[in-house]
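Q: Residue numbers (this note's numbering): 1 to 167.
Here a beta-carbon is modelled for each residue, glycine too, at the ideal position from N, C-alpha and C.
Computed from a predicted model, the values in this text were never measured in an experiment.
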């Protein structure tokens, strides 16, 4: 069966943030149709939108999967729920947030799933770790991730916390 390549953004700003991110990687790998192939460094960022909350830890992972985008979304949402995700405030605090950024070079536009992720070109906390993994990766409808990072209007500070090998 053909393996698809997908990039996922992971974020947490409640509790032991790093532990939640590590558990998310373990849970992703536990899904037989998903394999975590690569992970970025860990970054600290300020919250976006609703700012009356703690800082985030963010990372991007590349996974190989035989799932289609809808099945991958279902699995990532199950992992968020397993890690205690509560959807109360839009852009509010969360134990785990997993977004599908890219899926091969496909474009998807559905009410519950947009690929490439609708906000990724405006979010430095997504583009920094994505470009770390692959500056040349193509963002359909835009171009390469490295160029997207250079053009990103977001002035948000993104601080390196740990390299990929350290977490």
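Would residue 123 be called buried (16 or more neighbouring beta carbons within 10 Å of its own) or exposed?
A: buried
Q: Are at least three pairs of beta-carbons, each pair with one atom in the segment 143 to 152 and one in the segment 40 to 47, less than 8 Å apart?
A: no
Q: For residue 151, report the span of its alpha helix (DSSP H) as first-last.
A: 145 to 151
Q: Identify whether residue 136 lies in helix, strand or coil by the three-state DSSP scheme.
A: coil
Q: Can you tell me where the beta strand (DSSP E) holding residue 57 begins and where it ends?
A: 56 to 65
Q: Taking its Cβ as the centre, do 16 or more other Cβ atoms sit within 10 Å of residue 62, making it buried, or is it exposed?
A: It is buried - the Cβ of residue 62 has at least 16 other Cβ atoms within 10 Å.
Q: Going straight from the alpha carbon of residue 144 to that of residue 69, what length do you get?
A: Cα-Cα distance, rounded: 21 Å.
Q: Can you list, in chain order, the residues of its chain whose CB lies under 8 Å from that of residue 46, leaving out five sequence neighbours each side?
A: 55, 56, 156, 157
Q: How long is the line joining the alpha carbons of residue 94 and residue 3, rounded to whole angstroms?
A: 30 Å
Q: Cβ of residue 113 within 8 Å of Cβ of residue 60?
A: no
Q: Looking only at C-alpha atoms, which of 21, 7, 5 sits nearest to residue 96?
A: 21
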